[in-house]
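K.L.:
The structure is given below, and queries will be raised subsequently.
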Amino acid sequence: MVLLVILAFLLIIALLLLLGLYRAKTKASRSLVLSLKAELEGMVAELSRRAEQAEAESRRINAILNGMSEAVLAVDSKLILYLANPRAQSLFGPGSAEKISLLAATRSTELENIARRVLAEGRSLEVELSLWAGFAHTRTEQRFQAFAAPIPAGVVIVMEDITRLAKLEQVRKDFIANVSHELRTPIQLIKGYSETMLDSPDTMGPYRRCMEVIYKNALTMENLTNDLLVLSNLENAGNDRLDLSGMMEEQALAPLITEAALSVEPQAKKKNITVHISCPADLKATVHGSFIIQALINLLENGVKYSPKKTALWVSAYSEHDHVVLAVKDEGMGIPPEHLERIFERFYRVDRAHNRETGGTGLGLSIVRHIALIHNGTTEVESHAGEGSVFRIKIAR
Ligand code: ADP
92 MVLLVILAFL
102 LIIALLLLLG
112 LYRAKTKASR
122 SLVLSLKAEL
132 EGMVAELSRR
142 AEQAEAESRR
152 INAILNGMSE
162 AVLAVDSKLI
172 LYLANPRAQS
182 LFGPGSAEKI
192 SLLAATRSTE
202 LENIARRVLA
212 EGRSLEVELS
222 LWAGFAHTRT
232 EQRFQAFAAP
242 IPAGVVIVME
252 DITRLAKLEQ
262 VRKDFIANVS
272 HELRTPIQLI
282 KGYSETMLDS
292 PDTMGPYRRC
302 MEVIYKNALT
312 MENLTNDLLV
322 LSNLENAGND
332 RLDLSGMMEE
342 QALAPLITEA
352 ALSVEPQAKK
362 KNITVHISCP
372 ADLKATVHGS
382 FIIQALINLL
392 ENGVKYSPKK
402 TALWVSAYSE
412 HDHVVLAVKD
422 EGMGIPPEHL
432 ERIFERFYRV
442 DRAHNRETGG
452 TGLGLSIVRH
462 IALIHNGTTE
472 VESHAGEGSV
482 FRIKIAR
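Quick note, the sequence shown lines up with residues 92 to 488 if you use the numbering used here.
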């Protein structure tokens with residue numbers, strides 16, 4: 092009996108313990124469930140906030156793309172379009188909104204090649220190109236400035252319509268070429284008659300002085316119109332690279348240098364300036380021969396004009412890394428450092444008064460720079476006032 096009571100007592104204690112344990116457990120798991128719920132709710136809120144943010148961001152990007160006056164095209168690594176903003180669709184038709192190839196959408200092999208190059212080289216490119224754009228009956232040839240850049244697994248192309256700008260630029264070039272051409276005959280006449288009068292013994296006293304001024308200024312105007320015509324030819328040649336490539340040929344540079352040096356010899360002799368030539372006989376480059384001679388003559392003429400008597404001039408060509416350098420060095424007055432940056436600009440002159448004396452036009456170096464550009468080259472100058480200058484044209488071999 093006592094054993095029975097003890098057993099019952101133990102049983103009750105065990106039950107009470109079990110009950111306590113269960114209560115404690117359910118309390119813990121309830122708080123666990125509660126904290127899990129709070130965390131989940133937090134995550135859901137965060138996710139929807141991020142989704143809203145992404146949506147707002149994409150709305151903003153879409154608004155920008157829709158409002159852009161430039162055409163934007165994005166292609167994947169197989170050159171299949173996956174984005175064309177409204178401006179692009181208005182240029183290449185609604186078909187460009189579909190997933191078709193860049194070539195099918197734009198019908199431009201040039202644009203396709205650019206995208207291919209960006210993909211292959213992994214760097215951005217900027218080019219000017221013409222292509223037929225617009226719908227069936229309104230299709231016209233338009234000029235664009237295209238900027239293509241690599242993006243993850245594809246290329247984005249931004250195209251700005253510069254048709255109007257290109258037309259205006261052409262009008263400007265034509266105008267300068269026409270005016271220069273029209274001025275040639277009257278200038279030749281003024282020059283010719285003033286020369287005749289200067290040759291005549293009847294032109295005496297103050298009239299002789301007047302005639303000298305007329306003659307000298309006619310010469311300056313002649314130089315100016317000649318330089319402007321050369322510049323406009325260069326600009327047109329630069330625009331039409333295909334035309335130009337036919338005129339470029341691989342040739343020895345020594346004969347070109349000799350010819351340029353020979354043509355400035357009379358001017359150099361007048362000032363007792365000696366011209367030294369140095370060029371390896373086998374040095375060759377792909378160049379437009381007469382343009383290179385013209386550039387060297389301009390540099391040599393400057394060397395003579397801006398150097399004192401009894402100095403020396405050097406004209407040379409040599410190879411350096413992967414390019415060829417054409418250099419003209421003088422022992423002249425030099426150029427102060429503050430002018431060096433602008434010296435190749437049109438009509439830029441260091442000393443206008445001195446220039447009037449020498450009959451300079453301020454176009455010589457600008458012609459040199461254009462000639463370098465046509466050869467995909469660069470120009471540079473190193474000069475120290477009072478010591479002399481070195482002008483260099485660098486072109487790829
Ligand atoms: P310009 O017809 O006046 O010589 P350029 O374009 O050839 O025109 O040269 C621009 C200016 O640069 C010149 O007016 C002159 O002040 C300066 N310049 C050019 N070459 C030299 C040189 N070799 N030495 C000193 N100054 C020079």
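Where a beta carbon is used, it is the ideal one built from N, C-alpha and C, also for glycine.
#1: If Ala227 sits next to Val166, beta carbons under 8 Å apart, how far is it from one beta carbon to the other, in whole angstroms?
#2: How many Å lie between Ala351 and Gly455 at the Cα?
#3: Can we count Asn514 as close to the ligand ADP, meaning its CB is less than 7 Å from some heavy atom?
#4: Kindly indicate the opening and closing residues of the alpha helix (DSSP H) around Leu374.
#5: Is it buried or exposed for Tyr298, if we count other Cβ within 10 angstroms and need 16 for buried?
#6: Inspect the beta-carbon positions of Ile465 and Ala328 and report whether they are closer than 8 Å.
#7: Thinking just about the alpha-carbon of each residue, which of Thr276, Thr470, Ser160 and Val395 is nearest to the one in Trp405?
#8: Just list the residues that DSSP pairs Arg483 with in beta bridges.
#9: Which class does Asp252 belong to by DSSP, given the choice of helix, strand or coil?
#10: Under a Cβ-count criterion, where at least 16 other Cβ atoms within 10 Å of its own Cβ denotes burial, should Glu436 be classed as buried or exposed?
#11: Who are Glu478's beta bridge partners in DSSP?
#12: Using DSSP's beta-bridge definition, name the partner residues of Arg234.
#13: So, do the segment 406–424 and the segment 342–357 have three or more beta carbon pairs nearer to each other than 8 Å?
#14: If we ignore side chains and look at the alpha-carbon of each, how far apart do Arg275 and Thr316 end up?
#15: Out of curiosity, what's the CA-to-CA distance linking Ala237 and Thr311?
#16: Looking only at its chain, what residues have a beta carbon closer than 6 Å to the beta carbon of Arg483, apart from the 5 residues adjacent to it on each side?
#17: CB Ala162 to CB Ala142, shorter than 8 Å?
#18: Using 10 angstroms around the beta-carbon of Ser291, count the other beta-carbons present and answer buried if the total reaches 16, otherwise exposed.
#19: Just to confirm the assignment, what range does the alpha helix (DSSP H) spanning Ile348 have?
#20: Taking the alpha helix (DSSP H) that Leu431 falls in, what are its first and last residues?
#21: Quick check on this structure: which residue in Leu220, Ala211 and Val135 has the alpha carbon closest to the alpha carbon of Ser199?
#22: The alpha helix (DSSP H) with Ala175 in it runs from where to where?
#23: Are the CB atoms of Lys362 and Lys400 within a distance shorter than 8 Å?
#24: When the distance is taken between beta carbons, is Ile253 closer than 8 Å to Phe382?
#25: Let me check understanding here. Comparing Cα to Cα, which of Leu256, His412 and Glu326 lies closest to Ile267?
#26: With distances taken between CB atoms, is the gap from Glu341 to Ala376 smaller than 8 Å?
#27: Run through the DSSP bridge pairs and tell me what His367 is partnered with.
#28: Mind listing, in chain order, the continuous alpha helix (DSSP H) runs of no fewer than 4 residues lying wholly within the segment 195–221?
#29: What is the DSSP secondary structure of Pro399, counted as helix, strand or coil?
#30: List the whole-angstrom C-beta distance separating Ile388 from Val355, where the pair is believed to meet the contact cut-off of C-beta under 8 Å.
#31: Taking DSSP as the reference, what is the three-state secondary structure of Leu109?
#32: Take the Cβ of Ile97 as the centre, count every other Cβ of all protein chains shown within 10 Å, and call the residue buried at 16 or more, exposed below.
#33: Check the C-beta distance from Gly453 over to Arg433 and give it rounded, since I have them as a contact under 8 Å.
#34: Do you know offhand how far Val270's Cα is from Thr229's?
#35: Considering only C-alpha positions, which residue in the set Ile486, Gly111, Lys264 and Arg208 is nearest to Val246?
#36: May I have the straight-line CA-CA distance separating Ile426 from Ala145, to the nearest angstrom?
P.N.:
Well, looking at it:
#1: Residue numbering aside, residue 227 sits at position 136 when the sequence shown is read from its first letter. Residue numbering aside, residue 166 sits at position 75 when the sequence shown is read from its first letter. Incorrect: roughly 24 Å between the Cβ atoms, too far for contact.
#2: As a first step, residue 351 is located in the sequence shown; it is residue number 260 there, counting from the start. As a first step, residue 455 is located in the sequence shown; it is residue number 364 there, counting from the start. The alpha-carbon atoms of Ala351 and Gly455 are separated by roughly 14 Å.
#3: As displayed, the chain neither begins before 92 nor continues past 488, which places residue 514 out of reach and without an answer.
#4: Position 283 of the sequence shown, counting from 1, holds the residue named residue 374. Taken as a continuous stretch (DSSP letters only), Leu374 belongs to no alpha helix (DSSP H), as it is neither H nor E.
#5: Here the question's residue 298 lines up with position 207 in the sequence shown. Exposed is the call here.
#6: Locating residue 465 in the sequence shown gives position 374, counting from the first residue. Locating residue 328 in the sequence shown gives position 237, counting from the first residue. Yes, the pair counts as a contact, with Cβ atoms nearer than the cut-off.
#7: In the sequence shown, counting from the first residue as 1, residue 405 sits at position 314. Among Thr276, Thr470, Ser160 and Val395, the Cα nearest to that of Trp405 is on Val395.
#8: By one-based count along the sequence shown, residue 483 stands at place 392. In the DSSP assignment, Arg483 forms a beta bridge with Ala418 and Glu471.
#9: Translated into positions along the sequence shown, residue 252 becomes position 161. Asp252 falls in the strand class under three-state DSSP.
#10: Counting from 1 along the sequence shown, the entry for residue 436 is found at position 345. Only exposed fits Glu436, as fewer than 16 other CB atoms lie within 10 angstroms of its CB.
#11: Taking the sequence shown and counting its residues from 1, the one referred to as residue 478 is at position 387. Glu478 pairs with nothing; no bridge assigned.
#12: Your numbering for residue 234 matches position 143 in the sequence shown. BP columns for Arg234 point to Ser221.
#13: The segment 406–424 is in contact with the segment 342–357.
#14: Reading the sequence shown from its first residue, position 184 is the one you call residue 275. Reading the sequence shown from its first residue, position 225 is the one you call residue 316. One C-alpha to the other measures close to 7 Å.
#15: Here residue 237 refers to the residue found at position 146 when the sequence shown is read from its first residue. Here residue 311 refers to the residue found at position 220 when the sequence shown is read from its first residue. Between Ala237 and Thr311, the C-alpha separation is close to 41 Å.
#16: For the purposes of this step, residue 483 is taken as residue 392 along the sequence shown, with counting starting at 1. So the qualifying residues of the chain are Val416, Ala418 and Glu471.
#17: What you label residue 162 is simply residue 71 of the sequence shown in a count that begins at 1. What you label residue 142 is simply residue 51 of the sequence shown in a count that begins at 1. No. Outside cutoff.
#18: For the purposes of this step, residue 291 is taken as residue 200 along the sequence shown, with counting starting at 1. Its Cβ having fewer than 16 others within 10 Å, Ser291 is exposed.
#19: In the sequence shown, residue 348 corresponds to position 257, counting from 1. Its alpha helix (DSSP H) spans residues Ala345 to Lys361.
#20: By one-based count along the sequence shown, residue 431 stands at place 340. That run of the alpha helix (DSSP H) goes Pro428 to Leu431.
#21: Sequence index remark: in the sequence shown, residue 199 carries index 108 (1-based). The residue with the shortest Cα to Cα distance from Ser199 is Leu220.
#22: Here residue 175 refers to the residue found at position 84 when the sequence shown is read from its first residue. Element bounds for Ala175: not the alpha helix (DSSP H) but the beta strand (DSSP E), Leu172 to Ala175.
#23: Here residue 400 is taken as the residue at index 309 of the sequence shown, counted from 1. Here residue 362 is taken as the residue at index 271 of the sequence shown, counted from 1. Closer than 8 Å, so yes.
#24: Working through the sequence shown from its first residue, we reach residue 382 at position 291. Working through the sequence shown from its first residue, we reach residue 253 at position 162. Phe382 places its beta carbon 8 Å or farther from that of Ile253.
#25: Position 176 of the sequence shown, counted from the start, is the residue given in the question as residue 267. Comparing alpha-carbon positions, the option among Leu256, His412 and Glu326 lying closest to Ile267 turns out to be Glu326.
#26: Taking the first residue of the sequence shown as 1, we reach residue 341 at position 250. Taking the first residue of the sequence shown as 1, we reach residue 376 at position 285. Cβ distance < 8 Å, so Glu341 and Ala376 count as in contact.
#27: Indexing the sequence shown from 1 puts residue 367 at position 276. According to DSSP, which records beta bridges pairwise, His367 is partnered with Trp405.
#28: 200–212
#29: The residue labelled residue 399 in the question sits at position 308 within the sequence shown. The answer is coil: DSSP assigns Pro399 none of H, G, I, E or B.
#30: Reading the sequence shown from its first residue, position 297 is the one you call residue 388. Reading the sequence shown from its first residue, position 264 is the one you call residue 355. Going by Cβ atoms, the distance from Ile388 to Val355 rounds to 6 Å, so yes, they are a contact pair.
#31: Indexing the sequence shown from 1 puts residue 109 at position 18. Looking at Leu109 - three-state DSSP - the assignment turns out to be helix.
#32: Sequence index remark: in the sequence shown, residue 97 carries index 6 (1-based). Ile97 should be labelled exposed.
#33: Here the question's residue 453 lines up with position 362 in the sequence shown. Here the question's residue 433 lines up with position 342 in the sequence shown. That belief does not hold up - the Cβ atoms of Gly453 and Arg433 are roughly 11 Å apart, past 8 Å.
#34: On the sequence shown, position 179 is the one that residue 270 refers to. On the sequence shown, position 138 is the one that residue 229 refers to. Distance between the alpha carbons of Val270 and Thr229 is about 35 Å.
#35: Along the sequence shown, one-based indexing puts residue 246 at 155. Among Ile486, Gly111, Lys264 and Arg208, the Cα nearest to that of Val246 belongs to Arg208.
#36: By 1-based counting over the sequence shown, the position of residue 426 is 335. By 1-based counting over the sequence shown, the position of residue 145 is 54. The straight-line gap from Cα to Cα measures roughly 58 Å.
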